[in-house]
Amino acid sequence: MSFMQINDLKVLYPVRGGFFNTIIDHVYAVDGITMEFERGKAYGLVGESGCGKSTTGKALIGLEKITSGSIIYEGENVTNKRRSRKSSFNRDVQMIFQDAHSSLNPRKRVKDIIAEPIRNFLKLTPKEEERKISELLEIVGMPEDAKFKYPHEFSGGQKQRLGIARAIATNPKLIIADEPVSALDLSVQAQVLNFMKDIQNEFGLSYLFISHDLGVVKHMCDYISIMYKGRFVETGTKEDIYTNPQHIYTKRLLSAIPKVSPIGREDRKRERIRVEQNYQAQYKNYFDENERVFDLTPISNTHAVATTSTKKGVI
Ligand SMILES: Nc1ncnc2c1ncn2[C@@H]1O[C@H](COP(=O)(O)OP(=O)(O)OP(=O)(O)O)[C@@H](O)[C@H]1O
Ligand SMILES: [Mg+2]
Numbered sequence: 000m001s002f003m004q005i006n007d008l009k010v011l012y013p014v015r016g017g018f019f020n021t022i023i024d025h026v027y028a029v030d031g032i033t034m035e036f037e038r039g040k041a042y043g044l045v046g047e048s049g050c051g052k053s054t055t056g057k058a059l060i061g062l063e064k065i066t067s068g069s070i071i072y073e074g075e076n077v078t079n080k081r082r083s084r085k086s087s088f089n090r091d092v093q094m095i096f097q098d099a100h101s102s103l104n105p106r107k108r109v110k111d112i113i114a115e116p117i118r119n120f121l122k123l124t125p126k127e128e129e130r131k132i133s134e135l136l137e138i139v140g141m142p143e144d145a146k147f148k149y150p151h152e153f154s155g156g157q158k159q160r161l162g163i164a165r166a167i168a169t170n171p172k173l174i175i176a177d178e179p180v181s182a183l184d185l186s187v188q189a190q191v192l193n194f195m196k197d198i199q200n201e202f203g204l205s206y207l208f209i210s211h212d213l214g215v216v217k218h219m220c221d222y223i224s225i226m227y228k229g230r231f232v233e234t235g236t237k238e239d240i241y242t243n244p245q246h247i248y249t250k251r252l253l254s255a256i257p258k259v260s261p262i263g264r265e266d267r268k269r270e271r272i273r274v275e276q277n278y279q280a281q282y283k284n285y286f287d288e289n290e291r292v293f294d295l296t297p298i299s300n301t302h303a304v305a306t307t308s309t310k311k312g313v314i
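The sequence shown begins at 0 in numbering that gives the first Met the number 0 and counts up one residue at a time.
Now the structure itself:
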């Protein structure tokens with residue numbers, strides 16, 4: 000059973016222009032997406048820069064205004080209620096930001112940064128709060144004395160861990176992680192990702208894992224949605240997407256993953272060229288005349304593809 004459903008979510012940004020700086024058009028940053036979240040599962044949101052991933056994440060936690068659609072959380076419509084500071088939704092759904100540095104207040108000590116959600120949502124005595132903060136620092140593998148330091152005294156990976164400590168402080172059900180490791184060195188990336196997996200198992204967390212990196216998503220996620228221009232082109236389990244991709248855009252993304260090993264490099268290059276030719280040839284089966292992605296059509300219990308060609312039996 001899912002604990003949260005997003006239905007046909009849209010976020011439009013006004014585009015202003017002309018002599019009077021009036022609204023002349025809209026950017027459809029998120030253009031009708033539907034998702035469900037189950038406990039303990041990780042969901043990947045993948046797509047190229049500007050396709051609407053961060054806007055989706057921010058709209059979910061209430062940092063971006065939702066134009067239409069709904070968010071149902073534990074059976075309650077919370078679409079326009081996410082800003083009330085003490086709601087259980089705000090306690091249960093937390094976000095880790097791409098840029099840990101700018102998401103940690105530079106003028107506050109670590110203990111006050113981590114304490115912020117605790118003070119908002121949990122009624123603890125100062126002593127209990129102190130203990131809780133030490134416990135969280137231990138969970139993310141930071142020394143006790145980190146409490147009294149300021150964010151600039153930490154490395155990128157350590158700051159990301161502090162962001163995670165803050166996000167898990169209130170025992171959330173869902174963490175939205177927007178490119179949580181893309182600013183980090185490869186070696187530190189693996190450390191932080193493995194650590195996120197460990198706490199997922201330990202606390203039964205769900206993730207919405209936002210990334211442009213299909214390799215990272217494959218490592219982290221059970222379900223994956225591929226996004227293009229504010230819409231989903233394909234959704235499915237990890238296996239559906241990686242072993243049986245259907246949409247030409249998904250195939251194109253997969254064929255573009257760089258491989259370290261030189262073995263089969265020529266084959267992969269030929270495959271990439273073939274996928275690109277198919278992409279050009281089949282474009283009209285997958286995008287309408289305004290280049291908008293078609294609605295998703297289910298092709299199995301878990302797998303859905305945005306195409307008109309399923310109806311025509313092309314796939
Ligand atoms: N405040 C804003 N006003 C107007 N347009 C915006 C605003 N924020 C984002 N956009 C536009 O909305 C679209 C989606 O942006 P978003 O930041 O969600 O993309 P993204 O998928 O997170 O990209 P990236 O991978 O580069 O982080 C883009 O076309 C962007 O230019
Ligand atoms: Mg983004």
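Ideal placement from N, C-alpha and C gives every residue a C-beta, glycine not left out.
For a test of the three-state rule: what should DSSP assign to lysine 9, helix, strand or coil?
strand
### Query
Would you say the beta carbon of cysteine 50 comes nearer than 6 Å to a heavy atom of ligand 1?
yes
(Q) List, from N- to C-terminal side, the alpha helix (DSSP H) runs of 4 residues or more that fit wholly inside the stretch 167-216. (A) 185-202
message = Quick check on the DSSP output: the alpha helix (DSSP H) that includes glutamine 276 runs from which residue to which?
response = 264-285
The stretch 6-14 contacting the stretch 59-76, beta-carbon criterion three pairs below 8 Å
yes
The alpha helix (DSSP H) that contains glutamate 137, what's its start and end? 125-138
Item to check | Minimum C-alpha distance to isoleucine 174 - residue among Asn89, Glu127, Ile23 and Ile32 | outcome: Asn89
Reference valine 215; option with closest CA among His100, Ala41 and Thr78: Ala41
- Message: Relative to the C-alpha of threonine 249, which candidate in Gly46, Val26 and Pro13 has its C-alpha closest?
- Response: Gly46
| said: By alpha-carbon positions, which one of Ser181, Asp239 and Ile112 ends up nearest to lysine 146? | reply: Ile112
Check your understanding: Where do the ends of the beta strand (DSSP E) carrying phenylalanine 96 lie?
Key -> Element bounds for phenylalanine 96: n/a, residue is neither H nor E.
Excluding five sequence neighbours on each side, which residues of the same chain lie with their C-beta closer than 6 Å to the C-beta of methionine 3?
-> Phe36 and Tyr72
> CA-CA distance, glutamine 279 and valine 292?
Replying inline: 15 Å
_Let's test the definition: count the other Cβ atoms within 10 Å of the Cβ of glycine 61 and tell me whether it reaches 16, buried, or not, exposed._
buried
Exercise for the section: Alpha carbon to alpha carbon, how far is serine 53 from lysine 283? Give it in angstroms, no decimals. Expected result: 28 Å
**Q.** Between the CA atoms of threonine 33 and phenylalanine 202 - distance to the nearest angstrom
**A.** 26 Å
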